[in-house]
Structure formats: structure tokens, C-alpha cells
Amino acid sequence: MKENTQEAIEERVKRAVAAASHTAAERLTLDTTFAELDMTSLDALALIADLEEEFGVEIPNEDAMSLGDVRQAVECVRGLTAGEASGVGQA
Amino acid sequence: MSAPRRVVVTGLGAVTALGLDVAQFRDSLLAGRCGIRPLETVDRAGLRFTNGAEVGGFAPGEHFTEKQLDLLDRFAQFGLVAAREAVRDSGLEWTPHLRESAAVVTGSSLGGKTYEEQAYAGLFGEEKRRPHPLTVPRGMSNAAASHISMEFGVRGPVYNVSTACASSNHALGQAFWMVRSGAAELALAGGCESPFLHGHLRMWEGLRVVSPDTCRPFSKDRRGMILGEGGAMMVLEPLDAALGRGARVHAEVVGFGMSADAHHVTQPSAEGAARAVAAALRDAGVRPEQVGYVNAHGTATTANDPVETEALRLVFREHASRLAVSSTKSMHGHALGAAGAIEAVATALALREGFLPPTANFTEPDPACDLDYVPNEARRAEVEYAVSNSFAFGGLNAVLVLRRWEGGK
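Listed below in C-alpha cells is the structure:
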């Protein structure tokens with residue numbers, strides 16, 4: 062099972078952003094914006110699909126459209142994976 | 250050179266989520282009835298959006314023999330049923346000369362996907378089943394055009410145009426120009442589409458443009474488009490021929506214009522759309538202030554509606570505030586390649602019967618969309634000229650101008 066620590070999530074989100082923007086993951090920080098990476102709205106669609114696949118989550122349209130940098134993507138994924146964990150706890 | 254011929258619409262056919270024929274379609278437009286419902290012809294399990302504008306109550310067996318159905322994917326069935334209605338409605342009598350000089354031009358973006366999806370599922374699944382030997386001719390996007398030509402013995406120019414959501418406006422425009430120029434003595438033109446296949450819907454999910462609930466064009470709380478299916482066809486013929494045989498004229502087609510954005514594959518451009526509308530008005534010889542109604546592309550996506558509003562302001566300037574603009578996609582959904590034809594039929598009916606079809610599901614105005622969208626209720630209005638817009642992914646724009654028929658004035 063893949064780790065969901067803050068560091069592990071950051072690492073995996075950065076890898077996805079790197080792939081979608083054709084950039085080296087080492088170049089990315091939490092503050093890197095998608096605009097800096099010249100990512101278009103279509104690149105963002107590919108990234109969101111990759112994140113959903115990677116983390117096994119479903120990112121709602123409204124959230125997906127508001128992501129503008131690495132930090133927001135990490136927060137979005139963390140929120141959704143935490144939500145899942147608490148759902149399991151309640152079951 | 251002789252003056253170009255005037256071209257009139259003498260036959261209408263439509264099979265849509267608003268009914269199985271033109272009469273039901275008209276009644277629904279007048280009532281502002283929305284044909285969007287939970288999908289029934291496709292397994293909704295695992296789909297993120299589960300509503301669509303399906304053609305309810307369509308029984309292929311009532312229209313075709315089993316042998317015919319072997320070759321007809323659902324989109325082609327819609328095209329043929331709409332073509333039959335349009336030809337019946339026109340009352341035209343085929344002669345050998347007319348058959349040889351008539352055209353069929355259809356618009357379909359996808360072609361037939363039903364058998365193709367079945368083929369891939371079998372091929373790549375556990376069993377490695379071979380595809381049905383007729384999968385190719387069933388699915389080709391010109392299947393409807395070809396079957397219509399065979400059914401009526403039409404032997405002139407017959408083809409399909411595939412330009413995504415502008416397909417059937419491009420088709421109608423080509424047909425109009427052929428009849429106007431004399432390249433065809435008559436045209437059966439329109440479009441058909443059937444996108445409700447599981448695999449295809451999953452592909453739409455990724456684009457995040459389909460609404461999880463309903464279609465609210467130009468409303469502030471719009472959440473995207475709703476896919477639709479169906480077919481719509483028109484009989485276009487020269488005015489002299491129509492009058493000569495005492496045909497009923499529904500409307501006159503007076504202009505067609507096209508443009509490309511050369512900008513972005515999914516983001517529309519106001520400037521590009523405006524050039525297509527302006528080109529259509531120029532082709533028609535109509536001034537912007539003569540137009541009373543615009544059947545908008547109006548998809549209810551975040552991107553389209555403010556951009557289309559801006560495009561209309563660019564072309565119509567101060568007259569834009571006096572224009573009635575509505576999106577009938579709020580009722581019959583976005584039938585992709587068939588959308589332009591369905592909306593052209595809606596526009597012809599609006600002109601003929603003196604009403605403006607509403608934008609259904611309208612809730613609250615968006616400051617970025619500040620025109621009169623005829624919210625929720627049809628309105629009585631005698632309009633002389635109407636414009637029907639179609640703008641496609643890939644930045645391809647096609648616009649028709651229709652005129653109310655007043656007995657030849």
C-alpha cells in the first residue's frame with residue numbers, strides 16, 4: 062500500500078505535475094504555479110486525471126478548475142484521501 | 250451570370266428528446282419542456298454524469314426491418330427517420346431528373362459507435378471475439394447520408410461533414426449553397442448523432458464540461474452541457490420549384506457563414522465566432538439590426554456562454570440589447586453533430602409560427618451574460634430574420650441565417 066504521509070503525497074503530486082508539464086520533478090516546489098510551467102487548461106485536465114488515478118480519488122469539477130499550483134493540488138488530494146480514511150473509520 | 254436562386258425550406262423532420270416528430274418537437278419548444286432525464290439506454294454504473302437528452306420511446310422496429318437494422322447504427326436510424334419525415338412533409342414527387350440532381354448532406358461528428366464499442370469490448374476482453382464483419386459500414390460517419398441516398402434514389406452529391414458540434418450547420422450551409430448556385434436542384438440536409446455509449450461517455454468525463462445535473466445556458470449557476478441525441482433534416486429547394494409545385498414553405502434560408510478561430514482546441518474565441526456571424530449576415534445581405542432572434546450555440550459551459558455573448562455584442566453592437574437570444578439545448582440537449590440541424594428546425598418553426606423558444610432551466614443572470622435569453626417561457630414574436638449559431642471544438646464556426654416566409658415578399 063502506498064504511503065499517505067504529507068511528504069509522500071507531495072512527492073507523488075510533484076511527479077504527476079512533472080509528467081503533465083514535461084518538467085523535471087526536482088525543479089518543482091510547493092509554490093510552483095501551473096502558469097510558470099506553461100501548463101494550459103488541457104495540461105491541467107491531464108494532471109487531474111493522473112491525480113485521480115494515482116490516489117484513487119474523484120476530484121469534483123469545481124475543485125479541479127480551481128487548482129493553480131502544486132500546493133493547491135497537494136491540499137486537494139490530501140483533503141480527499143483524508144475524507145476517505147475517515148469514511149472507512151465510520152464503517 | 251444569372252442571379253443566385255432563392256432557397257426555401259419545404260420539408261422538416263426531427264426525432265429528438267423533445268419528441269419523435271416535428272409536431273411534438275414544436276409543442277415542446279412552445280411549452281418550454283425539458284427533455285433531460287436520467288439515462289436509460291446506457292448502463293449508468295460508474296458514470297460521473299448520469300443525465301442526458303435521450304430520444305424516449307424510439308422503437309427501431311417500427312421504422313425498419315430486422316434486415317435493415319443489421320446495417321443501421323442508432324445515429325443512422327435517427328437520420329433516416331428524420332429524412333423520411335422531411336420528404337413526406339415536403340410532398341415532393343421524385344422524378345428521374347430530380348433524383349440525379351439532388352444532394353444529401355449530413356452532419357455527424359461521431360458516426361456510429363454502438364457496434365464499434367461492442368467490437369472493441371469483444372476484441373480486447375478475455376474472449377478475444379472477432380468484430381462483427383459489418384462493423385465498418387455500420388459505423389462510418391457517412392452511413393446516414395448513404396442510406397438516405399439509397400432510400401430515395403438520390404444520385405447527385407452525397408456526403409457527410411464531420412466538424413464536431415458544428416457538423417450539421419456546415420452540412421446545411423453546404424447544401425444551401427449548392428441549391429442556391431444550381432449545383433443541386435434540391436437537397437436533403439441536416440444531421441444525426443447518438444453519443445450514449447458507455448466508453449464514449451467515459452471519454453467526455455475527462456473533459457469536465459458535462460453537467461452533473463441539468464443544462465442551464467447563460468445562468469450564473471450553470472455547470473456545463475448535457476449531451477443529447479437525435480436527428481433533424483430539411484428539404485431545401487429553389488423558390489421557383491417550390492412555388493411551381495404548390496409546396497408549403499416553412500422558411501427561407503438566406504445566408505451561411507463560416508470561420509475558424511485558429512486559437513485553441515477547446516477554448517472558444519469571441520472574435521472567431523463573431524466573424525462567422527458577420528460572414529453569414531453578409532452572405533444574406535442582411536444588416537445586423539434586421540435580426541430579431543438568435544438560436545445560440547449556448548452549451549451552458551463556463552467558457553461558451555460569456556464568449557458567445559461577447560461575440561454577439563461584437564456583431565450586433567447596440568442592437569444586441571434588443572435581440573432575443575435563446576439556447577434550445579436547455580431542452581433537447583447538445584446533440585453534437587446533429588445540434589445545428591435540430592436548432593435550424595427549431596429556428597424555422599419559430600419564424601413560421603411567430604414565437605421565440607425559451608432558454609429552459611434559467612435561474613439567475615450571470616453578469617458576463619447580459620442579453621435577453623428568453624428565460625423559461627416561450628414568447629410570441631413575429632421576427633423577420635433569425636440566426637442559428639454552431640461553434641465546434643477545434644475552433645470551427647458555422648452560422649445560418651433564416652427568414653420568415655411571407656408569401657414571397
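Note that the protein sequences, when read in sequence, are chains A and B. For the first sequence, counting from 1, position 77 maps to 138 in my numbering; every step adds exactly one. For the second sequence, counting from 1, position 274 maps to 523 in my numbering; every step adds exactly one. Note that CB positions come from ideal geometry on N, CA and C, so glycine has one too.
#### Entry: For E365 of chain B and V385 of chain B, the rounded distance between their alpha carbons
Against the second sequence, residue 385 of chain B aligns to sequence position 136. Against the second sequence, residue 365 of chain B aligns to sequence position 116. C-alpha separation (whole angstroms): 8 Å.
* Is it the case that the Cβ atoms of S398 of chain B and S357 of chain B are separated by a distance below 9 Å? -> As a working note, residue 398 of chain B is residue 149 in the second sequence. As a working note, residue 357 of chain B is residue 108 in the second sequence. For S398 of chain B and S357 of chain B, no; Cβs fall outside 9 Å.
request  = Please say whether T265 of chain B and M126 of chain A have beta carbons closer to each other than 9 Å?
outcome  = Here residue 126 of chain A refers to the residue found at position 65 of the first sequence. Here residue 265 of chain B refers to the residue found at position 16 of the second sequence. Not a contact, by the Cβ cut-off of 9 Å.
*Since L435 of chain B sits in a beta bridge, which residues does DSSP pair it with?*
Sequence index remark: in the second sequence, residue 435 of chain B carries index 186 (1-based). Partner(s): B:A351.
Check: Where does M100 of chain A sit, in a helix, a strand or coil, going by DSSP?
Finding: Position 39 of the first sequence, counted from the first residue, corresponds to residue 100 of chain A. In the displayed model, M100 of chain A falls within coil according to three-state DSSP, outside both helix and strand.
Amino acids of chain A, ordered along the chain, whose beta-carbon sits closer than 9 Å to that of G301 of chain B = Counting from 1 along the second sequence, the entry for residue 301 of chain B is found at position 52. Simply none; closest approach about 17 Å.
Per-residue contacts from S82 of chain A into chain B (C-beta, under 8 Å) = Here the question's residue 82 of chain A lines up with position 21 in the first sequence. Per Cβ cutoff of 8 Å: no residues; S82 of chain A is ~18 Å from chain B at best.
Quick one: which chain A residues come within Cβ less than 8 Å of V514 of chain B? Taking the second sequence and counting its residues from 1, the one referred to as residue 514 of chain B is at position 265. Within 8 Å Cβ-Cβ: L103.
How long is the line joining the alpha carbons of M100 of chain A and S576 of chain B, rounded to whole angstroms?
Residue mapping note: residue 100 of chain A aligns to position 39 of the first sequence, counting from 1. Residue mapping note: residue 576 of chain B aligns to position 327 of the second sequence, counting from 1. The straight-line gap from Cα to Cα measures roughly 32 Å.
Practice problem: Measuring only between beta-carbons, confirm whether P461 of chain B sits less than 9 Å from chain A. | Solution: Counting from one through the second sequence, the residue named residue 461 of chain B turns up at place 212. It does: the Cβ of P461 of chain B has a partner Cβ on chain A nearer than 9 Å.
Original post:
Residues in the region 111-123 of chain A with C-beta within 8 Å of chain B's C-beta atoms, listed in sequence order?
Top reply: E119, N122
- request: Sort B:A252, B:A490, B:Q326 by Cα distance to A351 of chain B and report the nearest one.
  value: Here the question's residue 351 of chain B lines up with position 102 in the second sequence. When only C-alpha atoms are compared, the closest one is B:A490.
*Closer than 7 Å by C-beta to L288 of chain B: which residues in its own chain qualify, once you throw out the five before and the five after it? Chain order, please.*
On the second sequence, position 39 is the one that residue 288 of chain B refers to. Once the five neighbours on either side are set aside, the close Cβ partners of L288 of chain B are T299, N300, G301, E303, F445.
Proximity to L261 of chain B [Cα-Cα], best of B:L572, B:Q273, B:R255, B:P253
Start at 1 with the first residue of the second sequence, and residue 261 of chain B comes out as number 12. Out of B:L572, B:Q273, B:R255, B:P253, B:Q273 has the C-alpha closest to the C-alpha of L261 of chain B.
Check whether the region 370-385 of chain B touches the region 566-582 of chain B, counting contact only when three or more Cβ pairs, one atom from each stretch, lie closer than 8 Å. no
Determine which residues of the region 433-458 of chain B have a Cβ less than 8 Å from any Cβ of chain A, and write them out in chain order.
Answer set for the region 433-458 of chain B: G455, L456, R457.
| Within 10 angstroms of its Cβ, does W654 of chain B collect 16 or more other Cβ (buried), or is it exposed? | Residue 654 of chain B sits at position 405 when you count from the first residue of the second sequence. Buried, since its Cβ has 16 or more Cβ neighbours within 10 Å.
- Item | Interface residues of chain B facing L106 of chain A [CB-CB closer than 8 Å] | On the first sequence, position 45 is the one that residue 106 of chain A refers to. The contacting residues are G455, L456, R457.
Item to complete: Go through its chain and collect everything with a Cβ distance to S147 of chain A's Cβ below 8 Å, but skip five positions before and after it.
Response: Counting from one through the first sequence, the residue named residue 147 of chain A turns up at place 86. Only weak support exists for where S147 of chain A lies, its pLDDT of 44 falling under 50; the value from the coordinates is given anyway. Hits under 8 Å: none found.
* E349 of chain B versus N391 of chain B - alpha carbon distance -> As a working mapping, residue 349 of chain B is identified with position 100 in the second sequence. As a working mapping, residue 391 of chain B is identified with position 142 in the second sequence. Each residue's Cα considered, the two are about 19 Å apart.
*asked:* Whether or not the region 426-443 of chain B and the region 548-568 of chain B are in contact is what I'm after, with contact meaning three or more pairs of Cβ atoms, one per stretch, closer than 8 Å; do they touch?
replied: no
*Segments of 4+ residues assigned as alpha helix (DSSP H) that fall wholly inside the region 278-315 of chain B*: Here no run is fully enclosed.
(Q) Let me confirm a value: R536 of chain B is counted as buried when at least 16 other C-beta atoms fall within 10 Å, else exposed. Which label applies? (A) Position 287 of the second sequence, counted from the start, is the residue given in the question as residue 536 of chain B. With fewer than 16 Cβ atoms within 10 Å of its Cβ, R536 of chain B is classed as exposed.
Discussion item. Could you check whether H449 of chain B and L329 of chain B sit closer than 9 Å to each other, using their CB atoms as the reference points?
Written reply: In the second sequence, the residue the question calls residue 329 of chain B occupies position 80. In the second sequence, the residue the question calls residue 449 of chain B occupies position 200. With respect to H449 of chain B, L329 of chain B sits apart: the two C-beta atoms are not nearer than 9 Å.
**Asked** According to DSSP, what are the bridge partners of F604 of chain B?
**Response** Counting from 1 along the second sequence, the entry for residue 604 of chain B is found at position 355. Residue pairing by DSSP puts F604 of chain B in a beta bridge opposite B:R629.
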